[in-house]
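Residue numbers (the working numbering), protein chains in the order written: chain Y, 14 to 127; chain U, 194 to 309.
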Amino acid sequence: AQSVTQLDSHVSVSEGTPVLLRCNYSSSYSPSLFWYVQHPNKGLQLLLKYTSAATLVKGINGFEAEFKKSETSFHLTKPSAHMSDAAEYFCVVSDIGGGFKTIFGAGTRLFVKA
Amino acid sequence: ETGVTQSPTHLIKTRGQQVTLRCSSQSGHNTVSWYQQALGQGPQFIFQYYREEENGRGNFPPRFSGLQFPNYSSELNVNALELDDSALYLCASSFSGGSLRYNEQFFGPGTRLTVL
Chain Y
14 AQSVTQLDSH
24 VSVSEGTPVL
34 LRCNYSSSYS
44 PSLFWYVQHP
54 NKGLQLLLKY
64 TSAATLVKGI
74 NGFEAEFKKS
84 ETSFHLTKPS
94 AHMSDAAEYF
104 CVVSDIGGGF
114 KTIFGAGTRL
124 FVKA
Chain U
194 ETGVTQSPTH
204 LIKTRGQQVT
214 LRCSSQSGHN
224 TVSWYQQALG
234 QGPQFIFQYY
244 REEENGRGNF
254 PPRFSGLQFP
264 NYSSELNVNA
274 LELDDSALYL
284 CASSFSGGSL
294 RYNEQFFGPG
304 TRLTVL
């Protein structure tokens, strides 16, 4: 069975400092992994995706994530936080175990201090 | 913004009633998924439709059902509404086919359902 664990419910950083949002997953098949962002009162937006190509994936707005199969992790990073990055971030896994399923993590709320 | 639209934007129903939510896919997409997002939580996968058939389902009871039409638009139907069904319902479209599996999903703005 698939599962996604976002290790931090809240992360607070200062503007200009690095961001690290942690995600571990479990899947019996070769999954695709995604990070989505949800700003207040706005829809979900795709940041980046991993679909069995390069393990280091670059996304929009300077975000990137590294797929580590041995650690079953897919952590999201950004070298320098911006105030506009404050939002809810979701790690997502999709695979076909028992029929197609997409599982969202519980989310990590990112706060960015001036 | 994505090209996925949902209607209505808000809806209020009473317990025991039935509701139908609608979704129009982004152009070129042939797959639709539905999610339930309770306040303060991540979206929960309800089911996915591809070629007008359900091809994946999450842990939701049979009173949650759906349809996909030949133009790839979709409906989510919920019977015998319960108070806990109050949530934001999200529709997402994507393209499935050939070597493209589990492609990224594009989300609509959602329908906010309140059950009293």
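Just so it is clear, CB atoms sit at the ideal spot from N, CA and C, and this is done for glycine as well.
If you're wondering where the values come from, they're calculated on a predicted model, not measured in any experiment.
Cβ-based neighbour list, residue i, same chain, cut-off 8 Å, excluding 5 preceding and 5 following
| i | result |
| --- | --- |
| R256(U) | V271, N272, A273 |
| F113(Y) | S107 |
| V26(Y) | V32, A94, L123, F124, V125, K126 |
| V24(Y) | V32, L33, L34, T121, R122, L123, F124 |
Candidates the options: closest to residue i by CA position
| i | options | result |
| --- | --- | --- |
| T207(U) | L276(U), C284(U), E245(U), Y282(U) | L276(U) |
| V105(Y) | S27(Y), H23(Y), H52(Y), Y63(Y) | Y63(Y) |
| F9(Y) | H95(Y), H88(Y), F47(Y) | In the structure as shown, chain Y begins at 14 and stops at 127. Residue 9(Y) is therefore absent and cannot be evaluated. |
| G56(Y) | L306(U), V308(U), F299(U) | F299(U) |
| Y49(Y) | N223(U), Q219(U), A285(U), Q210(U) | A285(U) |
| V212(U) | S218(U), Q219(U), N223(U), S200(U) | S200(U) |
Limits of the unbroken beta strand (DSSP E) element including residue i
| i | result |
| --- | --- |
| E275(U) | Run containing E275(U): none; DSSP gives neither H nor E here. |
| T18(Y) | 16-19 |
| N37(Y) | 36-39 |
Supposed close pair residue i, residue j - CB separation, criterion 8 Å
| i | j | result |
| --- | --- | --- |
| L283(U) | G301(U) | 6 Å |
| G251(U) | F238(U) | 4 Å |
| L60(Y) | I73(Y) | 6 Å |
Contacts around residue i, its chain only, beta-carbon distance under 7 Å, and the 5 residues preceding and following it disregarded
| i | result |
| --- | --- |
| A231(U) | A280 |
| Q261(U) | V225, Y242, E245, S267 |
| F87(Y) | C36, Y38, L46, Y63, A78, F80, C104 |
| A99(Y) | L123, F124, V125 |
Cβ shell of residue i (< 6 Å), same chain only, five flanking positions each side left out
| i | result |
| --- | --- |
| P92(Y) | P31 |
Counting only runs of 3+ residues fully inside the stretch 220-259 of chain U, write out the beta strand (DSSP E) ranges in chain order.
The stretch 220-259 of chain U contains these whole beta strand (DSSP E) runs: 224-230, 237-243, 246-250.
At 3 residues or longer, what runs of the beta strand (DSSP E) sit wholly inside the stretch 50-111 of chain Y?
Qualifying beta strand (DSSP E) stretches, in chain order: 57-63, 69-71, 77-81, 86-91, 100-108.
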